[in-house]
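A.B. asks: Can you read through this structure? Questions will come right after.
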Amino acid sequence: LQAVTSQVLADAVNYYANEEPLLVPIMALQPCLPLCEVDFKIFEPRYRLMLQDCFEEEGPMGESGEFGMCWKLDSGDFSEFGTLLRISASSLLPDG
113 LQAVTSQVLA DAVNYYANEE PLLVPIMALQ PCLPLCEVDF KIFEPRYRLM
163 LQDCFEEEGP MGESGEFGMC WKLDSGDFSE FGTLLRISAS SLLPDG
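Residue numbers for the sequence shown follow the numbering used here, so the first one is 113 and each next one is one higher.
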């Protein structure tokens, strides 16, 4: 996965400012910073289904494989801000 740069995300926010609200699938796993590559092993059926849906539809930046990432706070709530991620490569493993 590769995080989208903050400038690209800012451009998207400006572009969509007058449009309908964006619906972005969100995973709540760990903080991901822009320009970082992260490896995930996704085995939970709900997240596997979500990522499959991400490949079938365009995300907010106009490409497939885009989703948001936030993280769980110590209070039990979720972070108010997150990062838009794009899947750049994937492979299906025997165990998920």
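The beta carbon of each residue, even a glycine, is placed where N, CA and C say it ideally should be.
So, are the CB atoms of F179 and C166 less than 8 angstroms apart?
C.D. replies: Position 67 of the sequence shown, counted from the first residue, corresponds to residue 179. Position 54 of the sequence shown, counted from the first residue, corresponds to residue 166. A contact, by the Cβ cut-off of 8 angstroms.
A.B. asks: Where do the ends of the alpha helix (DSSP H) carrying L196 lie?
C.D. replies: Looking up residue 196 in the sequence shown gives position 84. First-last for L196: T195 to R198, but that is the beta strand (DSSP E), not the alpha helix (DSSP H).
A.B. asks: Under the three-state reduction of DSSP, which class applies to F167: helix, strand or coil?
C.D. replies: Indexing the sequence shown from 1 puts residue 167 at position 55. Three-state result, F167: helix.
A.B. asks: Leaving out five residues before and five after L80 in sequence, what residues of the same chain have Cβ atoms less than 7 angstroms from its Cβ?
C.D. replies: The first residue shown for the chain is 113 and the last is 208, placing residue 80 beyond what the model contains.
A.B. asks: By DSSP, does M162 sit in helix, in strand, or in coil?
C.D. replies: One-based indexing of the sequence shown puts residue 162 at position 50. It is helical.
A.B. asks: Would you report the Cα separation of E169 and M162, rounded to the nearest angstrom?
C.D. replies: Position 57 of the sequence shown holds residue 169. Position 50 of the sequence shown holds residue 162. Just so you know, the alpha carbons of E169 and M162 end up roughly 11 angstroms apart.
A.B. asks: For C148, count neighbouring Cβ atoms within 10 angstroms of its own Cβ and tell me buried if that reaches 16, exposed if not.
C.D. replies: The sequence position of residue 148 within the sequence shown is 36, counting from 1. Burial call: exposed.
A.B. asks: If I'm right that C144 touches V150 with Cβ under 8 angstroms, what's the distance once you round it to whole angstroms?
C.D. replies: Stepping through the sequence shown from its first residue, residue 144 is reached at position 32. Stepping through the sequence shown from its first residue, residue 150 is reached at position 38. Yes, C144 and V150 are in contact; Cβ-Cβ is about 5 angstroms, under 8 angstroms.
A.B. asks: Confirm, please, whether the CB-CB distance from Y159 to M173 is below 8 angstroms.
C.D. replies: One-based indexing of the sequence shown puts residue 173 at position 61. One-based indexing of the sequence shown puts residue 159 at position 47. No, Cβ-Cβ distance for M173 and Y159 is not below 8 angstroms.
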